[in-house]
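Chains as they are written, first to last, in the working numbering: chain A, 3 to 226; chain B, 3 to 226. Report on one structure; see the data block that follows.
2 protein chains.
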Amino acid sequence: MNDTGESAKKKVKRPSAERTAQRDPERTRAAILEAATREFAENGMGGARVDAIAERAGTNKRMLYHYFGDKEQLYLRVLEEAYVSIRTAERALNISTRSPEEGIGELALFTWRYFLQHPEFLSLLGTENLHRARWLRQSVRLKELHSHLIGELSQVLEEGKKAGVFTETADPLHVYLTIASLGYFYLSNQYTLSTIFGRDLITPANLDAWERHIVHVTLSSIKR
Amino acid sequence: MNDTGESAKKKVKRPSAERTAQRDPERTRAAILEAATREFAENGMGGARVDAIAERAGTNKRMLYHYFGDKEQLYLRVLEEAYVSIRTAERALNISTRSPEEGIGELALFTWRYFLQHPEFLSLLGTENLHRARWLRQSVRLKELHSHLIGELSQVLEEGKKAGVFTETADPLHVYLTIASLGYFYLSNQYTLSTIFGRDLITPANLDAWERHIVHVTLSSIKR
DNA sequence: CCATCAAGTAACTGTTTAGTTACCGACTCG
DNA sequence: CGAGTCGGTAACTAAACAGTTACTTGATGG
Numbered sequence: 003m004n005d006t007g008e009s010a011k012k013k014v015k016r017p018s019a020e021r022t023a024q025r026d027p028e029r030t031r032a033a034i035l036e037a038a039t040r041e042f043a044e045n046g047m048g049g050a051r052v053d054a055i056a057e058r059a060g061t062n063k064r065m066l067y068h069y070f071g072d073k074e075q076l077y078l079r080v081l082e083e084a085y086v087s088i089r090t091a092e093r094a095l096n097i098s099t100r101s102p103e104e105g106i107g108e109l110a111l112f113t114w115r116y117f118l119q120h121p122e123f124l125s126l127l128g129t130e131n132l133h134r135a136r137w138l139r140q141s142v143r144l145k146e147l148h149s150h151l152i153g154e155l156s157q158v159l160e161e162g163k164k165a166g167v168f169t170e171t172a173d174p175l176h177v178y179l180t181i182a183s184l185g186y187f188y189l190s191n192q193y194t195l196s197t198i199f200g201r202d203l204i205t206p207a208n209l210d211a212w213e214r215h216i217v218h219v220t221l222s223s224i225k226r
Numbered sequence: 003m004n005d006t007g008e009s010a011k012k013k014v015k016r017p018s019a020e021r022t023a024q025r026d027p028e029r030t031r032a033a034i035l036e037a038a039t040r041e042f043a044e045n046g047m048g049g050a051r052v053d054a055i056a057e058r059a060g061t062n063k064r065m066l067y068h069y070f071g072d073k074e075q076l077y078l079r080v081l082e083e084a085y086v087s088i089r090t091a092e093r094a095l096n097i098s099t100r101s102p103e104e105g106i107g108e109l110a111l112f113t114w115r116y117f118l119q120h121p122e123f124l125s126l127l128g129t130e131n132l133h134r135a136r137w138l139r140q141s142v143r144l145k146e147l148h149s150h151l152i153g154e155l156s157q158v159l160e161e162g163k164k165a166g167v168f169t170e171t172a173d174p175l176h177v178y179l180t181i182a183s184l185g186y187f188y189l190s191n192q193y194t195l196s197t198i199f200g201r202d203l204i205t206p207a208n209l210d211a212w213e214r215h216i217v218h219v220t221l222s223s224i225k226r
């Protein structure tokens, strides 16, 4: 979409490093992206304010439009970055190197803990779904990222079926959706749930219990 | 649109029949509430437009402010109404009158189908959670509504434990959250999921498969 | 040493928005 | 019958908003 840094690398970084501390395109760009992630996560696409993003990033609107075009393109960039982050971390798990049962358990644990540590990712997903994936659908970078996940998961399930520990009906997409469902709903809906049930779901004890519950449910649904 | 100086409307004012057709406070009120439900569900709290609600309801802003105070109070009213609707329908199930296993299965089926038929409810939950239940927390009508659900569910689980079909560790809140998670995530995130996995999740065949999956997962996690 | 160009600032613009005011017409009841 | 009330309309206002323009600063290369 835009080729950043092309002009910057042309000139040799000859002069003193402290002089460039005043102007730092890379840093400004990164600051805008991070500020935008927080603003969009907290307020949604409709509620996010361009002025607020600029202020949070310690810069101003002119720079934001300079680097990202407009609000919508900035939002898409934020969303793409969020997906790339989780899929990259997930890939590093290498679930197919363990025993099938351990592999699935590891994936469930990883997913839960990632969701727990990245509430902004859940928020962005919620916002994007409110708008029926209007912006995500325009993204070109994302399909490949996800076919890998399903492929590896499928491999683990097949292995488990051959070893006789998993049922023949276990489906990779269903298994992933089960894991993601249980983590996503508990966290993203914690506020209304805590309110209506009059119980704080986010205490360490409750979080720990739900973590064990996710692993238990996921495995008991596919074990022979 | 503007029919000033019309002679017809002046002479036709027979008290009983024609009277309520011109002015109908109940109907206007209900129309605003329904229009607001759709507008808030489609655009969130930040994205919803008061003008759009008034237009959808076939009235104008003055009436909206007259009946509901302001945008925030209208939103809270919409949210409360949505909760009352699902809990009322749920209560009519009377899950404790069946066998424990059937009771849980019925609750799972009901929840899934209700979510499927009321996407606006899921949307409103998403919006409210984005704002950390800011408005729902101010509601006074909602606690009792939900203690009943947990109470009845608890009763069914106890019965199942005594009969030896459910494990001793089965917890009513966990069971409900499991059912709700699996339904909520699949539907509310259908747009991003369909996009990233390149598969339409909302075909009749896929919906049917997921319905069976929910019942299967819920029961297999608590059966002895 | 100055022409140039990119990084960055701040004030501005046209539009949209929530909320208000002024008003209308019909019905009610003292 | 006429003052007041109620359901309803439309035009208005002040603020907020996304996006733009005119400008400053400072480094660099000829």
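For glycine and all other residues, C-beta sits at the position ideal for the given N, C-alpha and C.
Given 8 Å, three or more beta-carbon pairs between the segment 211–222 of chain B and the segment 101–111 of chain B: yes
is_contact[L159(B), chain A] using C-beta, thresh 8 Å: On the second sequence, position 157 is the one that residue 159(B) refers to. By this cut-off, L159(B) is not an interface position.
Any chain A beta carbon closer than 8 Å to V219(B): As a first step, residue 219(B) must be located in the second sequence, where it is residue number 217. Chain A, which has a Cβ nearer than 8 Å to the Cβ of V219(B), makes this yes.
Short Cβ contact (8 Å threshold) for A50(A) with S125(A): For this step, residue 50(A) is matched to residue 48 along the first sequence. For this step, residue 125(A) is matched to residue 123 along the first sequence. Taking 8 Å as the Cβ cut-off, A50(A) and S125(A) do not qualify as a contacting pair.
Interface flag, L209(A) vs chain B, CB-CB below 8 Å: Your numbering for residue 209(A) matches position 207 in the first sequence. Output row for L209(A): interface = no.
Below-8 Å beta-carbon distance, H148(A) vs any chain B residue: Here residue 148(A) corresponds to residue number 146 of the first sequence, with the count starting at 1. Yes, because at least one Cβ of chain B sits closer than 8 Å to the Cβ of H148(A).
Local Cβ density within 10 Å of V177(B), reported as buried at 16 or more and exposed below that: For the purposes of this step, residue 177(B) is identified with residue 175 of the second sequence, where counting begins at 1. Result: buried.
Close-in-space but distant-in-sequence residues of the same chain around G185(A) (CB under 7 Å, 5 per side omitted): By one-based count along the first sequence, residue 185(A) stands at place 183. Around G185(A): T113, W114, F117, I216.
For W137(A) and N45(B), the rounded distance between their alpha carbons: Translated into positions along the second sequence, residue 45(B) becomes position 43. Translated into positions along the first sequence, residue 137(A) becomes position 135. N45(B) and W137(A): Cα-Cα distance of roughly 15 Å.
Separation of A56(B) from V142(A), as counted between CA atoms: Residue 142(A) sits at position 140 when you count from the first residue of the first sequence. Residue 56(B) sits at position 54 when you count from the first residue of the second sequence. Their Cα atoms are separated by approximately 39 Å.
Cβ-based contacts, 7 Å cut-off: residues of the segment 165–194 of chain B near chain A: L175, H176, L179, T180, A182, S183, L184, Y186, F187, Y188, S190, N191, Y193, T194
Distance, S223(A) Cα to K13(A) Cα: Working through the first sequence from its first residue, we reach residue 13(A) at position 11. Working through the first sequence from its first residue, we reach residue 223(A) at position 221. Low per-residue confidence applies at K13(A): pLDDT is 31, beneath 50, and the placement is therefore not dependable, though the value from the model is reported in the following sentence. Spanning the two alpha carbons is a distance of roughly 59 Å.
Where the alpha helix (DSSP H) containing Q192(A) begins and where it ends: The count along the first sequence starts at 1 and reaches residue 192(A) at position 190. Its alpha helix (DSSP H) spans residues 192–199.
Min CB distance H215(A) to chain B below 8 Å: In the first sequence, counting from the first residue as 1, residue 215(A) sits at position 213. Chain B, which has a Cβ nearer than 8 Å to the Cβ of H215(A), makes this yes.
Spatially closest choice to P102(B) from A38(B), R31(B), S156(B), D202(B), by CA coordinates: In the second sequence, residue 102(B) corresponds to position 100, counting from 1. Measuring from the Cα of P102(B), the nearest candidate turns out to be S156(B).
Under 8 Å between C-beta atoms of P121(B) and I152(B): As a working note, residue 121(B) is residue 119 in the second sequence. As a working note, residue 152(B) is residue 150 in the second sequence. Going by C-beta atoms, P121(B) is not nearer than 8 Å to I152(B).
Whole-angstrom C-beta distance between T30(B) and M65(B), which should lie under 8 Å: The sequence position of residue 65(B) within the second sequence is 63, counting from 1. The sequence position of residue 30(B) within the second sequence is 28, counting from 1. The Cβ separation is near 6 Å, so the contact holds.
Chain-ordered chain B contacts of A135(A) [CB-CB under 7 Å]: Counted from its first residue, the first sequence places residue 135(A) at position 133. The answer, in chain order, is Y193, T194, T197.
Neighbourhood of A84(A) by C-beta distance below 6 Å, restricted to the same chain and skipping five residues each side: Taking the first residue of the first sequence as position 1, residue 84(A) is located at position 82. Contacts found: F123, L126.
Any chain A beta carbon closer than 8 Å to G229(B): With chain B covering only 3 through 226, there is no way to say anything about residue 229(B).
Within-8 Å CB hit, E130(B) to chain A: Residue mapping note: residue 130(B) aligns to position 128 of the second sequence, counting from 1. Output row for E130(B): interface = yes.
Supposed close pair S98(B), E170(B) - CB separation, criterion 8 Å: What you label residue 98(B) is simply residue 96 of the second sequence in a count that begins at 1. What you label residue 170(B) is simply residue 168 of the second sequence in a count that begins at 1. That belief does not hold up - the Cβ atoms of S98(B) and E170(B) are roughly 19 Å apart, past 8 Å.
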